[in-house]
Amino acid sequence: DAGVIQSPRHEVTEMGQEVTLRCKPISGHNSLFWYRQTMMRGLELLIYFNNNVPIDDSGMPEDRFSAKMPNASFSTLKIQPSEPRDSAVYFCASSWSGTNEQFFGPGTRLTVL
Amino acid sequence: KNEVEQSPQNLTAQEGEFITINCSYSVGISALHWLQQHPGGGIVSLFMLSSGKKKHGRLIATINIQEKHSSLHITASHPRDSAVYICAVTGGSQGNLIFGKGTKLSVKP
Numbered sequence: 001d002a003g004v005i006q007s008p009r010h011e012v013t014e015m016g017q018e019v020t021l022r023c024k025p026i027s028g029h030n031s032l033f034w035y036r037q038t039m040m041r042g043l044e045l046l047i048y049f050n051n052n053v054p055i056d057d058s059g060m061p062e063d064r065f066s067a068k069m070p071n072a073s074f075s076t077l078k079i080q081p082s083e084p085r086d087s088a089v090y091f092c093a094s095s096w097s098g099t100n101e102q103f104f105g106p107g108t109r110l111t112v113l
Numbered sequence: 114k115n116e117v118e119q120s121p122q123n124l125t126a127q128e129g130e131f132i133t134i135n136c137s138y139s140v141g142i143s144a145l146h147w148l149q150q151h152p153g154g155g156i157v158s159l160f161m162l163s164s165g166k167k168k169h170g171r172l173i174a175t176i177n178i179q180e181k182h183s184s185l186h187i188t189a190s191h192p193r194d195s196a197v198y199i200c201a202v203t204g205g206s207q208g209n210l211i212f213g214k215g216t217k218l219s220v221k222p
């Protein structure tokens, strides 16, 4: 298995632009998580899905952030409009909810100028 | 107060030393995870445990549920062990991880 796949690996954009991050979970996993990592706050949950349904989005900073999971093999995290304080590494992770062990993607490093 | 506290924040050791990283948590959990993040940024799961002790190579993880405390031990440390070690917990029926701030370990040759 290729593991969790994220794209792009790096994204540099200007303030105000729309940014879309993509994630393909491990085949057979039914839980998907979006995390953000910054120097100041460390790793924190943004949103997680179980069987393609959002379960907890309390970590989503504000309305500029949205996430979708149209099917079991794909999820997107969108920021519109982006701001410099959104600069961070965004990780996607997946798991089979029965075991709770999570497998992380390589992350997307986002820089908003 | 953070729900997951790690100590120390930074740790420098000489190659060969025995290393201990501690984690305390204040919430009810279904499992505790130890993760490793190398300078390149990738995150790897080392252990997931809900009781007792697990061992993998030179790494040992223990958890005391009553005291809400876990330790990660590295025996015969090596420079390639240099990384950030992160403690995280999953609580109750929720699957999401709650993270500690991490311990940055540097092992000198």
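Taken in order, these protein sequences are the chains called P and V. Take the first sequence: its position 24, counting from 1, is numbered 24 in my numbering, and each next residue is one higher. Take the second sequence: its position 92, counting from 1, is numbered 205 in my numbering, and each next residue is one higher. From the three backbone atoms N, C-alpha and C, an ideal C-beta is built for every residue, glycine too. Only a predicted model underlies this, so the values are computations on that prediction, with no experimental measurement involved.
Test: residue i CB closer than 8 Å to a CB of chain P
i, result
"V/Lys221", "no"
"V/Ala144", "yes"
"V/Ile173", "no"
"V/Phe212", "yes"
Chain V contact residues for residue i, given Cβ-Cβ distances below 8 Å
i, result
"P/Asn50", "Gly208"
Outcome for residue i when other beta-carbon atoms lying within 10 angstroms are tallied against a minimum of 16
i, result
"V/Arg193", "exposed"
"V/Val117", "buried"
"V/Gly215", "buried"
"P/Met69", "buried"
"V/Gly165", "exposed"
"P/Gln80", "exposed"
"V/Ser183", "buried"
"P/Ser58", "exposed"
Residue i at chain V interface by Cβ criterion, 8 Å
i, result
"P/Ser94", "no"
"P/Glu11", "no"
"P/Asn100", "yes"
"P/Val89", "yes"
Neighbour list for residue i in chain P, Cβ cutoff strictly below 8 Å
i, result
"V/Gly155", "Phe104, Pro106 and Gly107"
"V/Ile187", "Ordered by position in chain P, no residue passes the 8 Å Cβ test against V/Ile187, which lies about 21 Å from the chain."
"V/Ser158", "Glu101, Gln102, Phe103 and Phe104"
Amino acids of chain P, ordered along the chain, whose beta-carbon sits closer than 9 Å to that of residue i
i, result
"V/Gly215", "Gly42 and Leu43"
"V/Thr203", "Asn100 and Gln102"
"V/Ile199", "Gly42 and Leu43"
Partner residues on chain V for residue i, Cβ-Cβ distance less than 7 Å
i, result
"P/Glu18", "Within 7 Å Cβ-Cβ: nothing; P/Glu18 doesn't reach chain V, min ~24 Å."
"P/Ser31", "Gly208"
Per DSSP, the bridge partner or partners of residue i
i, result
"P/Val53", "P/Asn50"
"P/His10", "P/Arg109"
"V/Met161", "V/His146"
"P/Trp34", "P/Ile47 and P/Cys92"
Residue i: contacting residues in chain P (beta-carbon distance under 7 Å)
i, result
"V/Ile134", "Within 7 Å Cβ-Cβ: nothing; V/Ile134 doesn't reach chain P, min ~15 Å."
Sequence-distant residues of its chain with Cβ nearer than 6 Å to residue i (five each side left out)
i, result
"P/Ser31", "Asn50, Ser95 and Ser97"
"P/Thr20", "Thr76 and Lys78"
"V/Phe160", "Trp147, Lys167 and Ala174"
"V/Ile142", "Val202 and Gly204"
"V/His186", "Thr133 and Ile173"
Contact list for residue i against chain B, beta-carbon separation under 7 Å
i, result
"P/Ser97", "As a matter of chain content, chain B is missing from the structure shown, whose protein chains are P and V."
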